[in-house]
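Numbering (the numbering used here), first residue to last: 629 to 873.
C-beta atoms are modelled at their ideal positions from N, C-alpha and C, and glycine is treated no differently.
Written out below as structure tokens is the structure these notes cover.
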């Protein structure tokens, strides 16, 4: 798992020559698993080069975040042939709870990008609702409890709540640690950018997605320190924006 497309290209450019030199018997039992969230076309290009070398490859990005990784409940979204999926499923099952074959090469990434498109927008809306509720005089813990048992419930509220102490002492989202130890805002901006890029290529409009991408980019530009913190820190950014008005 690497940060982005550029690193994947660099790493595999050095790996592929070694793969080509493997003994045929070793090639038969070698499968490359890449869990990076990157551009679908880059992933497909790299997979094609790996397969040409005589080795199999799948894209297998994960969903579930740091919380899921610690609990061993990650979901692996796999793109590749049915045969390759069967060969990697036992290995991925050691790290994740749900292993899904999404389709051919690049399909796992497509599913991950769609998921993170929702997540990026969702976290902003949760931040806005929590700020609005507090401005109306509502206690964040009470508001979180109400929404958590209503139709507005979602992961960004019930697991990654952006307001300190809103979930009670039994839960520890990044906001309880000054937004450290989660999914960096810079990585969320990257994923929203991937969604925007692939939407452009497929002629798909993303009005909310593009607005969210613009907000994350503005947030990182104006408050660079938040780029390294969990993306739920968008709550702090929006709250600061309102105070400055």
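Checklist entry - Where does residue 800 fall in DSSP's three states? => result Within the chain shown, residue 800 is the residue found at index 172, counting from 1. Reduced to three states, the DSSP call for residue 800 is coil.
Checklist entry - Going by C-alpha distance, which of 671, 667, 764, 682 is nearest residue 645? => result Translated into positions along the chain shown, residue 645 becomes position 17. When the alpha-carbon of residue 645 is set against those of 671, 667, 764, 682, the nearest one is in 682.
Next on the checklist: According to DSSP, is residue 702 part of a helix, a strand, or is it coil?
Outcome noted: Within the chain shown, residue 702 is the residue found at index 74, counting from 1. Of the three classes helix, strand and coil, the one that applies to residue 702 here is strand, per DSSP.
Next on the checklist: Among 736, 650, 763, 755, whose alpha-carbon lies nearest the alpha-carbon of residue 859?
Outcome noted: As a working note, residue 859 is residue 231 in the chain shown. That would be 755, whose Cα lies nearest to the Cα of residue 859.
Checklist entry - Do the stretch 680-697 and the stretch 711-728 meet, that is, are 3 or more Cβ pairs less than 8 Å apart? => result yes
Next on the checklist: Between the alpha carbons of residue 786 and residue 655, how many angstroms are there, rounded?
Outcome noted: Residue numbering aside, residue 786 sits at position 158 when the chain shown is read from its first letter. Residue numbering aside, residue 655 sits at position 27 when the chain shown is read from its first letter. About 45 Å.
Item to check | Reference residue 677, options 643, 705, 700, closest by Cα | outcome: Within the chain shown, residue 677 is the residue found at index 49, counting from 1. Of the candidates 643, 705, 700, the one whose C-alpha sits nearest the C-alpha of residue 677 is 643.
Checklist entry - When DSSP labels each residue in this structure, what does residue 575 get in the three-state scheme? => result Given that the chain is displayed from residue 629 to residue 873, the structure contains no residue 575 and the question cannot be resolved.
Item to check | Beta-carbon separation (whole angstroms), residue 599 vs residue 837, contact threshold 8 Å | outcome: Since the first and last residues shown for the chain are 629 and 873, residue 599 lies out of range.
Checklist entry - So what does residue 726 bridge to, in DSSP terms? => result In the chain shown, residue 726 corresponds to position 98, counting from 1. Partner(s): 703.
Next on the checklist: What does the Cβ neighbour count give for residue 846, buried or exposed, with the cut at 16 atoms within 10 Å?
Outcome noted: As a position in the chain shown, residue 846 is number 218, starting the count at 1. With fewer than 16 other Cβ atoms within 10 Å, it is exposed.
Item to check | Length-filtered (4 minimum) alpha helix (DSSP H) runs lying within the stretch 649-706 | outcome: 652-656, 668-680, 693-699
Checklist entry - Just the Cα atoms here: how many angstroms apart are residue 840 and residue 821? => result Within the chain shown, numbered from 1, the residue matching residue 840 stands at position 212. Within the chain shown, numbered from 1, the residue matching residue 821 stands at position 193. Computed Cα separation, rounded: 10 Å.
Next on the checklist: Three or more C-beta pairs under 8 Å: does that hold for the stretch 813-829 against the stretch 732-751?
Outcome noted: With the cut-off at 8 Å, the stretch 813-829 and the stretch 732-751 touch.
Checklist entry - Measuring CB to CB, does residue 716 end up less than 7 Å from residue 661? => result For the purposes of this step, residue 716 is taken as the residue at position 88 of the chain shown. For the purposes of this step, residue 661 is taken as the residue at position 33 of the chain shown. Yes, the Cβ-Cβ distance between residue 716 and residue 661 is below 7 Å.
Item to check | Endpoints, alpha helix (DSSP H) assigned at residue 774 | outcome: Translated into the one-based positions of the chain shown, residue 774 becomes position 146. Counted as a single uninterrupted DSSP element, the alpha helix (DSSP H) harbouring residue 774 occupies residues 768-776.
Checklist entry - Under the rule that 16 or more other beta-carbon atoms within 10 Å means buried, what is residue 833, buried or exposed? => result Reading the chain shown from its first residue, position 205 is the one you call residue 833. The residue is exposed, with fewer than 16 neighbouring Cβ atoms inside 10 Å.
Checklist entry - Can you give the Cα-Cα distance for residue 789 and residue 680, rounded to whole angstroms? => result For the purposes of this step, residue 789 is identified with residue 161 of the chain shown, where counting begins at 1. For the purposes of this step, residue 680 is identified with residue 52 of the chain shown, where counting begins at 1. C-alpha separation (whole angstroms): 45 Å.
Item to check | Residue of 777, 857, 772, 766 minimising C-alpha distance to residue 802 | outcome: By 1-based counting over the chain shown, the position of residue 802 is 174. Nearest to residue 802 by alpha-carbon distance, out of 777, 857, 772, 766, is 857.
Item to check | Residues that DSSP places opposite residue 731 in a beta bridge | outcome: As a position in the chain shown, residue 731 is number 103, starting the count at 1. 707, per the DSSP bridge assignment.
Checklist entry - Among 864, 708, 703, 692, which has the Cα closest to the Cα of residue 804? => result Looking up residue 804 in the chain shown gives position 176. Cα-wise, what sits closest to residue 804 is 864.
Item to check | Cβ-based neighbour list, residue 672, same chain, cut-off 7 Å, excluding 5 preceding and 5 following | outcome: On the chain shown, residue 672 is found 44 positions in, with the first residue counted as 1. Excluding residues within five positions, the ones whose Cβ falls inside 7 Å are 733, 734.
Checklist entry - Can you tell me the Cα-Cα spacing of residue 731 and residue 769, whole angstroms? => result Within the chain shown, the letter at position 103 stands for residue 731. Within the chain shown, the letter at position 141 stands for residue 769. The straight-line gap from Cα to Cα measures roughly 41 Å.
Checklist entry - Under 7 Å, do residue 737 and residue 668 count as touching if we go by C-beta distance? => result Locating residue 737 in the chain shown gives position 109, counting from the first residue. Locating residue 668 in the chain shown gives position 40, counting from the first residue. In this structure, residue 668 lies closer than 7 Å to residue 737 by Cβ.
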